[in-house]
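Colleague: The following block contains the structure, expressed as structure tokens.
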Amino acid sequence: MLTIKNLGYWYDRQENSLFENVNLEFEQGQSYAIVGQSGSGKTTFLSLIAGLDKPRAGEISFNGKGINSIGLTKYRQYNVSIVFQSYNLLTYMSPLNNLLTAMAVTQSSHKGDKKYAQEMLRKLGLTDEQMTKNVQRLSGGQQQRVAIARTMCCDAKLVVADEPTGNLDEENTQDVIQLFQKIAHEQNRCVIIVTHEPDVAAACDHSYRLAHHVFTAEK
Amino acid sequence: MNFFKRAWLNLVAKKGRTVLLILVTSAIMLFVLAGLLIRNAADAATSNAKKSIGATLTLSANREAAFKKMRQGTASSTKTKPSLSMTPVKLADVKKIAKLNNVASYNLTSTTSVNAKSFDAISTSSTSSQSVMQGGGDAPGGDKMTSSQGDIAVSGVSATSLTSNFTDNNYKITKGRGIKASDANTNNIIIETELAKQESLKVGDTVTVKATSGSKTYKLTIVGIYKAPSTSTSSQMGPGATDPSNTIYSSYTLANTIKGTKYANTADSVTFTVSDPAKVSSVKKAGKKLINTSKYSLSANDASYQSVKASMNNVKSFADKIVWLVAIAGTIILALIVILMIRERRYEIGVLLSMGESRMKIIGQFFVEMFIVLVIAVGVAGIGGKFVGNKLGEQLVAQETSSTASNVNSQRPGSTGGQAGPGGSAPSGQAGRSGGASFMGSSKTDKTELDVQVTPTNLAELGGFGLAIIFISITLASGGILRLSPRKVLID
Numbered sequence: 000m001l002t003i004k005n006l007g008y009w010y011d012r013q014e015n016s017l018f019e020n021v022n023l024e025f026e027q028g029q030s031y032a033i034v035g036q037s038g039s040g041k042t043t044f045l046s047l048i049a050g051l052d053k054p055r056a057g058e059i060s061f062n063g064k065g066i067n068s069i070g071l072t073k074y075r076q077y078n079v080s081i082v083f084q085s086y087n088l089l090t091y092m093s094p095l096n097n098l099l100t101a102m103a104v105t106q107s108s109h110k111g112d113k114k115y116a117q118e119m120l121r122k123l124g125l126t127d128e129q130m131t132k133n134v135q136r137l138s139g140g141q142q143q144r145v146a147i148a149r150t151m152c153c154d155a156k157l158v159v160a161d162e163p164t165g166n167l168d169e170e171n172t173q174d175v176i177q178l179f180q181k182i183a184h185e186q187n188r189c190v191i192i193v194t195h196e197p198d199v200a201a202a203c204d205h206s207y208r209l210a211h212h213v214f215t216a217e218k
Numbered sequence: 000m001n002f003f004k005r006a007w008l009n010l011v012a013k014k015g016r017t018v019l020l021i022l023v024t025s026a027i028m029l030f031v032l033a034g035l036l037i038r039n040a041a042d043a044a045t046s047n048a049k050k051s052i053g054a055t056l057t058l059s060a061n062r063e064a065a066f067k068k069m070r071q072g073t074a075s076s077t078k079t080k081p082s083l084s085m086t087p088v089k090l091a092d093v094k095k096i097a098k099l100n101n102v103a104s105y106n107l108t109s110t111t112s113v114n115a116k117s118f119d120a121i122s123t124s125s126t127s128s129q130s131v132m133q134g135g136g137d138a139p140g141g142d143k144m145t146s147s148q149g150d151i152a153v154s155g156v157s158a159t160s161l162t163s164n165f166t167d168n169n170y171k172i173t174k175g176r177g178i179k180a181s182d183a184n185t186n187n188i189i190i191e192t193e194l195a196k197q198e199s200l201k202v203g204d205t206v207t208v209k210a211t212s213g214s215k216t217y218k219l220t221i222v223g224i225y226k227a228p229s230t231s232t233s234s235q236m237g238p239g240a241t242d243p244s245n246t247i248y249s250s251y252t253l254a255n256t257i258k259g260t261k262y263a264n265t266a267d268s269v270t271f272t273v274s275d276p277a278k279v280s281s282v283k284k285a286g287k288k289l290i291n292t293s294k295y296s297l298s299a300n301d302a303s304y305q306s307v308k309a310s311m312n313n314v315k316s317f318a319d320k321i322v323w324l325v326a327i328a329g330t331i332i333l334a335l336i337v338i339l340m341i342r343e344r345r346y347e348i349g350v351l352l353s354m355g356e357s358r359m360k361i362i363g364q365f366f367v368e369m370f371i372v373l374v375i376a377v378g379v380a381g382i383g384g385k386f387v388g389n390k391l392g393e394q395l396v397a398q399e400t401s402s403t404a405s406n407v408n409s410q411r412p413g414s415t416g417g418q419a420g421p422g423g424s425a426p427s428g429q430a431g432r433s434g435g436a437s438f439m440g441s442s443k444t445d446k447t448e449l450d451v452q453v454t455p456t457n458l459a460e461l462g463g464f465g466l467a468i469i470f471i472s473i474t475l476a477s478g479g480i481l482r483l484s485p486r487k488v489l490i491d
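Now the structure itself:
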């Protein structure tokens, strides 16, 4: 589904590249972990495959089409859903409105379906009361669940997550890992998680380590 | 959920910021509205001034040409004493001008003097009457005086109701009636109240006067008594015919009859009232084509209108400056606020961009937010605008009117001189044309007021200004959004 060919990225000089000539393939219905030390370039890699930035070299194709030719905005709108470590919810809204906004922006097939959004939030353990109060009044774990529910409400086949369990305790971490597995296997989506936590990587179907500018398959 | 609803949710969620935005926008809108109201009120005041103040054209003998002719005669013959030959205005010419567009009415003026016979004129103890009487007919009303001066001034008019002294309420009919057009070819007169008291004259009485040259007498019927101002200027209080109490008003035909047969169907001067003061120039131009300009002059008396117009133009110009200055300052202030707001909301923008929201829709959301704020601000300004506009307008008009009135008076030295003309025509009000205009101007300019009213049109105009301000502000502030990279906001 997602094909990466000769991908390279650097900030100022090519000699100082974070990675070069990366060739990877990501399939639908599978979960992938990208692990590596801090500063190795994991998040940069994620931002490239999420269409948040443009690569310096190489090409990223989604279902055979270069994402640049799709247009990064359209690519993000219809094909990718992103979960961030800091949740990145719209803070002036309730969880329910966050989901409805995402569904509207991404032109989800469930766009405007309030009941569907409520059902998703209930599935992820939020009460009806929590759904309608300001999102900032929820705990970190609850906010991350809202962020994941937001992903589940959208039709994007590619889900990328940047350290989704970084701010969560162990119990919440396990819940989130399970949720991502469900998204990959039950909703038949491709889930790519950037993490430095071995538990998260172990739970994924595949794992790649980024070290010394090179991706190495670990699993 | 579209960006309209997002905008609404944002405004509701960030109440403090929303209230602040409403206050700032309301303040800007309030001053823009005040400027717009003053400008519109100044327009309306100028328009009203056209209707209420009016303007006149005066047709009289061309003194400049007469003097030139006199000088030429002096040069060719040194033996004869030079004399100024003035041609009275012919009624035929008057009627031609009266037919022009925008000429509402006209007043014929013919002045002369007679000696009281059956009664005594009010006498003064001054011994310098002769010198004053022969001082030269500076006023148009006085230029037809015969060489020998009587003690009663006869001011012949078409109707006293068309004479500025009466229209300005300086002179008032206290008994009987004024002179009307129907008094033409009659010996009806009105006399001053002091003269009536001294001689125990009343309406319906008959008095006899004698021509200043020859022995011809005239029996005159009193149809009304008028009161001249008790506080006349020193020049008005001159001896003999120059004393306002010794002035009798009659039809111009009577004055012409007294002056002699060659004055039949003529007038010393004619004042045409122009219905639209803005058209004075065009009427004057058209009128000049109908007269012999070497004999007659046609002069415009629209000083009052011009002074009000100048005053209102100054107010309008100041109001325009207020509108533009506030609009520009408002745009800058709002742009800075929106820029700061956008900087504060970089995170939110990043989240929306990461979801694939278009930049234009994000800008649209800010525009909708500001539009909602603007609608409330226009409402607030609508409530307070009239008050601010009134206060500001009053201040401006007070300054402008006083300065204009003082300018008009200082520029019109003939304001009293005209009335003090030795021709004894002081009460006619037509005597000094500049004086008459000034008098009218100073009295009416002072009354000029701005009627500041908030109308739906004003609010629509204000809304238009507000929309332009927020559009420019958001466009200026949006540069940041267009350049913003979601990765920089959300990841870096």
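If you're matching them up, the sequences are chains A and B in order.
So that you can map any letter, position 105 of the first sequence is 104 in numbering that gives the first Met the number 0, and since no number is skipped, the others follow by simple counting.
So that you can map any letter, position 192 of the second sequence is 191 in numbering that gives the first Met the number 0, and since no number is skipped, the others follow by simple counting.
Beta carbons: idealized from backbone N, C-alpha and C, even for Gly.
My parser needs the alpha helix (DSSP H) runs of 4 or more residues fully inside the stretch 179-219 of chain B; what are they?
Modeller: Qualifying alpha helix (DSSP H) stretches, in chain order: 192-198.
Colleague: Buried or exposed: P455 (chain B), going by 16 or more other Cβ atoms within 10 Å of its Cβ?
Modeller: When all chains shown are included, P455 (chain B) counts as exposed.
Colleague: Could you please give the first and the last residue of the uninterrupted beta strand (DSSP E) stretch that includes E161 (chain A)?
Modeller: The question names Glu, but residue 161 (chain A) is Asp in the sequence shown. That run of the beta strand (DSSP E) goes 157-161.
Colleague: Cutting at 8 angstroms between CB atoms, please list the residues of its own chain near T265 (chain B), excluding the five before and the five after it.
Modeller: P87, V88, K89, L90, S109, N255.
Colleague: Rounded C-beta distance between A103 (chain B) and N300 (chain B)? I'm assuming under 8 angstroms.
Modeller: The Cβ separation is near 14 angstroms, so there is no contact.
Colleague: Tell me, which residues are paired with S296 (chain B) by DSSP?
Modeller: DSSP output for S296 (chain B) lists B:S59 as bridge partner(s).
Colleague: Quick check on E58 (chain A): does DSSP put it in helix, strand or coil?
Modeller: Strand.
Colleague: Count the other CB atoms within 10 Å of the CB of G286 (chain B); is the residue buried (16 or more) or exposed (fewer)?
Modeller: By the 10 Å Cβ count, G286 (chain B) comes out buried.
Colleague: Using the Cα positions of H109 (chain A) and L335 (chain B), report the straight-line distance between them to the nearest angstrom.
Modeller: Approximately 39 angstroms, taken between the alpha carbons.
Colleague: Quick one: grab the DSSP three-state call for L209 (chain A).
Modeller: Correct three-state label for L209 (chain A): strand.
Colleague: Going by DSSP, name the residue or residues bridged to T126 (chain A).
Modeller: Its beta-bridge partners do not exist; DSSP assigns none.
Colleague: Relative to chain A, which residues along the stretch 341-366 of chain B have a C-beta separation below 9 angstroms, given in chain order?
Modeller: Cβ contacts with chain A come from Y346, E347, G349, V350, L351, L352, S353, M354, G355, E356, S357, R358, K360.
Colleague: Buried or exposed: E258 (chain B), going by 16 or more other Cβ atoms within 10 Å of its Cβ?
Modeller: The sequence given here places Lys at residue 258 (chain B); Glu does not occur at that position. Buried is the call here.
Colleague: How about the stretch 24-41 of chain A and the stretch 74-94 of chain A: do they share at least three Cβ pairs that are nearer than 8 angstroms?
Modeller: The answer is no - the stretch 74-94 of chain A does not touch the stretch 24-41 of chain A, with fewer than three Cβ pairs under 8 angstroms.
Colleague: Just to confirm the assignment, what range does the beta strand (DSSP E) spanning I3 (chain A) have?
Modeller: It spans 1-8 - the beta strand (DSSP E) in which I3 (chain A) sits, taken as one unbroken run.
Colleague: Would you check if the distance between the CB atom of V208 (chain B) and the CB atom of V113 (chain B) is smaller than 8 angstroms?
Modeller: Yes, they are a contact pair.
Colleague: Kindly indicate which residue of B:K4, B:A227, B:L297 has the alpha-carbon position closest to the one of A97 (chain B).
Modeller: Selected option, being the one with the closest Cα: B:L297.
Colleague: Going by Cα to Cα distance, which pick from B:L56, B:V350, B:L99, B:Y262 is closest to R304 (chain B)?
Modeller: For the record, residue 304 (chain B) in the displayed sequence is Tyr; it is not Arg. Ranking the options by Cα distance to Y304 (chain B), first place goes to B:L56.
Colleague: Can you check whether the CB of A56 (chain A) is closer than 8 angstroms to the CB of E19 (chain A)?
Modeller: Cβ atoms of E19 (chain A) and A56 (chain A): closer than 8 angstroms.
Colleague: Taking 6 angstroms as the limit between beta carbons, can you name the residues of its chain near T474 (chain B), skipping five residues before and five after?
Modeller: For T474 (chain B), where only same-chain residues beyond five positions count, there are no Cβ hits under 6 angstroms.
Colleague: Of the residues that make up the stretch 3-23 of chain B, which ones have a beta carbon closer than 7 angstroms to any beta carbon in chain A?
Modeller: Answer set for the stretch 3-23 of chain B: R5, L8, N9, A12, K13.
Colleague: What are the uninterrupted segments assigned as alpha helix (DSSP H) that are 4 or more residues long and contained completely in the stretch 246-281 of chain B, given in chain order?
Modeller: For the stretch 246-281 of chain B, whole alpha helix (DSSP H) runs of length 4 or above, ordered along the chain, are 251-258.
Colleague: Let me know the secondary structure DSSP gives A40 (chain B) once reduced to three states.
Modeller: It is helical.
Colleague: In chain A, which residues lie with their C-beta within 8 angstroms of the C-beta of P455 (chain B)?
Modeller: Chain A residues near P455 (chain B): none, gap ~34 angstroms exceeds 8 angstroms.
Colleague: Kindly indicate if chain A contains any beta-carbon less than 8 angstroms away from that of L489 (chain B).
Modeller: So yes, L489 (chain B) belongs to the interface.
Colleague: Can you pull the chain A residues whose beta carbon is under 9 angstroms from the beta carbon of R482 (chain B), in chain order?
Modeller: The contacting residues do not exist; R482 (chain B) stays about 14 angstroms from chain A at best.
Colleague: Report the residues of the stretch 43-63 of chain A with a CB closer than 7 angstroms to any CB of chain B, ordered along the chain.
Modeller: Answer in chain order: S46, L51, D52.
Colleague: List, in order along the chain, the chain B residues whose C-beta lies closer than 7 angstroms to that of T131 (chain A)?
Modeller: Going along chain B, no residue has its Cβ under 7 angstroms from T131 (chain A), so there is no contact; the nearest lies around 12 angstroms.
Colleague: Under 8 angstroms between C-beta atoms, does Y91 (chain A) make it to chain B?
Modeller: Yes, because at least one Cβ of chain B sits closer than 8 angstroms to the Cβ of Y91 (chain A).
Colleague: Mind listing which residues of the stretch 64-78 of chain A have their C-beta closer than 8 angstroms to chain B's C-betas, in chain order?
Modeller: Cβ contacts with chain B: T72, K73, Y74, R75, Q76, Y77.
Colleague: Closest Cβ-Cβ distance between N1 (chain B) and chain C: below 8 angstroms?
Modeller: As a matter of chain content, chain C is missing from the structure shown, whose protein chains are A and B.
Colleague: Taking all protein chains shown into account, decide if A201 (chain A) is buried (16 or more other Cβ within 10 angstroms of its Cβ) or exposed.
Modeller: A201 (chain A) should be labelled exposed.
Colleague: Give me, in chain order, the residues of the same chain whose beta-carbon lies closer than 7 angstroms to that of V387 (chain B); leave out the 5 immediate sequence neighbours on both sides.
Modeller: Closer than 7 angstroms at the Cβ level, and outside the excluded window around V387 (chain B), lie L29, A33.
Colleague: Taking DSSP as the reference, what is the three-state secondary structure of K174 (chain B)?
Modeller: Note: K174 (chain B) maps to strand in three-state DSSP.
Colleague: Examine the Cβ distances between the stretch 132-140 of chain A and the stretch 104-123 of chain A and report whether three or more of them are shorter than 8 angstroms.
Modeller: With the cut-off at 8 angstroms, the stretch 132-140 of chain A and the stretch 104-123 of chain A do not touch.
Colleague: Answer yes or no: does any C-beta atom of chain A fall closer than 8 angstroms to that of R38 (chain B)?
Modeller: No, its Cβ sits nowhere closer than 8 angstroms to a Cβ of chain A.
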